[in-house]
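> Residue numbers (this note's numbering), protein chains in the order written: chain A, 1 to 112; chain B, 1001 to 1296.
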């Protein structure tokens, strides 16, 4: 039972790593491994622990931090960034074509 | 109290408390990165502005664990030998001379010169030998070049070196490694991936005030707050050398020395040298001084 819960946690952490990669962050498999090991030294149930663990293992450049923060919020907290006013598309999108999701630039946080 | 290196604190709050006890205020993010580094034995790369406490963290991590701090100060042009070891050429020559004068030199003399007693240990070799009893600080790695970075990366992976004639020296346990960078250039991905990453920016007004209170117990709150406010305004100016946290503390100290209770224009002008170190910056600041020390 403990194993099932643990593997659920690991799945979630790995999925987060992939989510970052999907958004263009250069997250390697080693980084994801390090992320899981890091969380294992802390409390996987504590979101702040998970947040800071990811920031230390999945991000290697200062410029990537705002994007990391935003994706973390979406993935773990379900918080979508507020949208700026976008022109409403009059033309219906044909079935089968892909839409584009416009995510406005996140503000660089006041992260110390 | 400790005659052997102590185990690292088990939790992030405990680590923060331990650091605070030696005068270092680490926020949750930094403390978490440090905790992970200590627990996993992974190097920690600290990037950030000058004077925000990158080097200081390494010193404090050593202090709280009763470990030796071994510092490798990087600079432009540093080569692997200066960081690792050098042969004591002068001593070797004297040795050969002495043997020759006594007509004791023979076929083994030259190879005998490449022995432990003629080896000058530099920080990296020292760190390999000290192993888990040390914290290795590789300071300002951005000042070194690509080649040195590659060499360092190899060392961080194996923690051993082979010295011809002497043999292979391997660390039996790994030291804690902290690297710092002022970001004067971008480090290579390979090195970055080997490390945990944390960016340290300037502290917020509240954080810096807390640091001043911690470092200067008994400081008048109003004065401390005014100085911190002034320093934050100084950082917004386009200075060549913006003041770091150490300068904030120095400024409060300097004002205490001249027995000032209030940071007004005159007091600031008199003590400016404690916080602004660059000639051109001084001129720029003097023009803005009224605004810098203004209330509110």
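Backbone N, C-alpha and C fix where the C-beta goes; we use that ideal spot for every residue, glycine too.
Measure from the C-beta of residue 7(A) to each C-beta in chain B and report whether the shortest distance is under 8 Å.
no
> State the beta-bridge partners of residue 1139(B) as determined by DSSP.
DSSP, once it has assigned bridges, lists 1073(B) as partnering residue 1139(B).
> With distances taken between CB atoms, is the gap from residue 1255(B) to residue 1228(B) smaller than 8 Å?
no
> Which stretch, first to last residue, makes up the alpha helix (DSSP H) that contains residue 50(A)?
Residue 50(A): member of the alpha helix (DSSP H) spanning 47-57, first to last residue.
> Given residue 1240(B), which residues of its chain have a CB within under 7 Å of its CB, disregarding the five upstream and five downstream residues?
1278, 1280 and 1281
> Using beta-carbon positions only, say whether residue 1193(B) and residue 31(A) come within less than 8 Å of one another.
yes
> Given 8 Å as the limit, is there contact between the segment 1030-1046 of chain B and the segment 1172-1188 of chain B, that is, 3 or more CB pairs closer than that?
yes
> For residue 100(A), which residues of its own chain have a beta-carbon under 8 Å away from its beta-carbon, when the five flanking residues on both sides are left out?
For residue 100(A), the predicted model reports a pLDDT of 48, less than 50, meaning its position is unreliable; a value from the coordinates is still stated below. So the list is empty, once near-sequence residues are dropped.
> What did DSSP end up calling residue 978(B) once you bin it into helix, strand or coil?
Since the first residue shown for chain B is 1001 and the last is 1296, residue 978(B) is missing from the structure and cannot be characterised.
> At which residues does the alpha helix (DSSP H) containing residue 1024(B) begin and terminate?
Per DSSP, residue 1024(B) belongs to no alpha helix (DSSP H) and is neither H nor E.
> Three Cβ pairs or more, each shorter than 8 Å: is that satisfied between the segment 74-81 of chain A and the segment 1200-1209 of chain B?
no
> Do residue 1293(B) and residue 1220(B) have their C-beta atoms closer together than 8 Å?
No. Outside cutoff.
> How far does the alpha helix (DSSP H) with residue 1111(B) in it extend, from its first residue to its last?
1109-1112
> At which residues does the beta strand (DSSP E) containing residue 1045(B) begin and terminate?
Residue 1045(B) -> beta strand (DSSP E) spans 1044-1048.
> How far does the alpha helix (DSSP H) with residue 1065(B) in it reach, from first residue to last?
1054-1065 is the span of the alpha helix (DSSP H), which, as asked, contains residue 1065(B).
> Say whether chain B places a C-beta atom closer than 8 Å to the C-beta of residue 69(A).
Not closer than 8 Å to any Cβ of chain B, the Cβ of residue 69(A) fails to qualify, so no.
> In chain order, what residues of the same chain lie with their CB nearer than 6 Å to the CB of residue 1105(B), ignoring the 5 residues before and after it?
1099
> Since residue 1137(B) contacts residue 1069(B) with CB under 8 Å, what's their CB separation in whole angstroms?
At roughly 6 Å, the Cβ-Cβ gap stays under 8 Å, so residue 1137(B) and residue 1069(B) are in contact.
> Taking a contact to mean a Cβ-Cβ separation below 8 Å, would you say residue 1078(B) touches residue 1022(B) in this structure?
Going by C-beta atoms, residue 1078(B) is not nearer than 8 Å to residue 1022(B).
> Could one say the Cβ of residue 1029(B) lies closer than 8 Å to chain A's Cβ atoms, at least one of them?
yes
> Report buried or exposed for residue 1110(B), applying the criterion of at least 16 other Cβ atoms within 10 angstroms of its Cβ.
By the Cβ-count criterion, residue 1110(B) is exposed, with fewer than 16 other Cβ atoms from all chains shown falling within 10 Å of its own Cβ.
> Could you run through the segment 1046-1060 of chain B and flag, in chain order, every residue whose CB is less than 7 Å away from some CB of chain A?
1047
> Given residue 1186(B), which residues of its chain have a CB within under 7 Å of its CB, disregarding the five upstream and five downstream residues?
Cβ within range, chain order: n/a, list empty.
> When Cβ atoms are compared, which residues of the segment 29-58 of chain A fall closer than 8 Å to chain B?
30, 31, 34, 37, 38, 41, 42, 48, 49, 52, 53, 55, 56 and 57
> Can you tell me the Cα-Cα spacing of residue 1089(B) and residue 1160(B), whole angstroms?
24 Å
> Kindly indicate the opening and closing residues of the alpha helix (DSSP H) around residue 1089(B).
1089-1101
> Please determine if the segment 1010-1028 of chain B and the segment 17-35 of chain A are in contact, where contact requires at least 3 C-beta pairs separated by less than 8 Å.
no
> Which residue marks the beginning of the alpha helix (DSSP H) containing residue 1081(B), and which one marks its end?
1080-1084
> Confirm, please, whether the CB-CB distance from residue 1046(B) to residue 1031(B) is below 8 Å.
no
> Which residue's Cα is closest to the Cα of residue 1258(B): 1054(B), 1272(B) and 1131(B)?
1272(B)
> Would DSSP call residue 1197(B) helix, strand or coil?
If DSSP states are grouped into helix, strand and coil, residue 1197(B) belongs with the strands.
> Would you decide whether residue 1108(B) is buried or exposed? Buried here means 16 or more other CB atoms lie within 10 Å of its CB.
exposed
> In this structure, how does DSSP classify residue 7(A) when only helix, strand and coil are distinguished?
helix
> Across the segment 1047-1057 of chain B and the segment 1006-1015 of chain B, are there enough close Cβ pairs to call them in contact, namely three or more that are closer than 8 Å?
Remark: fewer than three beta-carbon pairs, one from each stretch, lie closer than 8 Å, so the segment 1047-1057 of chain B and the segment 1006-1015 of chain B are not flagged as touching.
> Would you kindly work out how many angstroms separate the C-alpha atoms of residue 61(A) and residue 1066(B), rounded to a whole number?
Near 32 Å, if we compare the C-alpha coordinates of residue 1066(B) and residue 61(A).
> Name the DSSP bridge partner or partners of residue 1068(B)?
1134(B)
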